[in-house]
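Read left to right, the sequence shown gives residues 3 to 244 (the working numbering).
Virtual Cβ for every residue (Gly too), placed ideally from N, Cα, C.
The structure presented is a predicted model; accordingly, all values stated were derived computationally and were not measured.
Before any comments, here is the structure.
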Amino acid sequence: RALWEATLRIADLVAERLGDEGDVATVSGGKRPYAGLTRGSSGSALFFLRLYERFGETTLLDLAATSIRQDLRRCMVREDSGAMEVNEGWRTMPYLADGSAGIGLVIDDYLAHREDEQFESAATRIRRATESGLYIQSGLFWGRAGMLLFHARAHGTASEREAVRAEHVRRLNWHALTYEGHLTFPGDRHLRLSMDVATGTAGVLLALGAALHDEPVYLPFLPSLRASAASSPAEFQLTERR
């Protein structure tokens, strides 16, 4: 109970500081707050979605929608591909951490609960950003492994998903190296080998497990929890606090 009380206090703080859709800049990063899953409003949206799935309070779903719209405000559609990516002013970002792929995962979870035409359109364009033939790095948060993780979900037909996954797996070979006889991958900016989840070999393994294992693995809090899996104690309801 104490942990849930603390969690809901955090939710109140995040909600108070969230603001409206137009309260964020149209460009991510630099001297401005970042968009995306790990440092942007999509992280807040995911938090509100998980609380909604436990408590069923529609206000939380509304807060998640506002959070997603803030991040979409910082996205742009590339003229050359029609792909939606986060606009950093001097470049666009498709990746899982600070790019549109992470936003797309949260949009998927939101649409499982409520229809929204803007989000459905954005989801289609974000998907295009995850199907490119070229990504500079291999890692989970800022590379091809994140795109493979994205396609571990049900995007498109079964044959389309299989084709995209196969291409991402094949092209991970571009970055594959060996260390003491074992398969490894370089980390951020290719400066050294990395074994971590965010930038290195462990993240590539996680993405492969999500896409290919009979019993897939996932990042924490993704994919959606089932509302029936965690019913609230009768004496501890969110509505008692609001």
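Around D118, the same chain offers A67, Y112 as residues with beta carbons nearer than 8 Å, after the five sequence neighbours per side are excluded.
Contiguous beta strand (DSSP E) elements confined to the segment 74 to 140 occur at 77 to 79, 86 to 89, taking only those with 3 or more residues. Residue burial is scored here from C-beta neighbours: L179 has fewer than 16 other C-beta atoms within 10 angstroms and is therefore classed as exposed. For L208, the uninterrupted alpha helix (DSSP H) segment begins and ends at 203 to 214.
In this structure the segment 58 to 76 touches the segment 42 to 50; the number of beta carbon pairs closer than 8 Å is three or more. Distance between P188 and G141, taken at the CA atoms: about 8 Å.
Leaving aside the five residues that flank I109 on each side, the residues in its chain whose CB is nearer than 8 Å to its CB run, in chain order, I70, F121, A124, A125, I128.
Apart from the 5 residues on each side of it in sequence, G205 sits with its Cβ closer than 6 Å to the Cβ of G141, L142, A147, V199 in its chain, given in chain order. Setting aside the 5 residues that flank it on each side, V88 is surrounded in the same chain by S30, A37, G38, R76, C77, T94, M95, D100, G101, S102, each with a C-beta closer than 7 Å to its C-beta; the list follows chain order.
Comparing alpha-carbon positions, the option among H157, E182, M149 lying closest to E169 turns out to be M149. Within a 10 Å sphere around the beta-carbon of Y181 sit fewer than 16 other beta-carbons, which makes this residue exposed.
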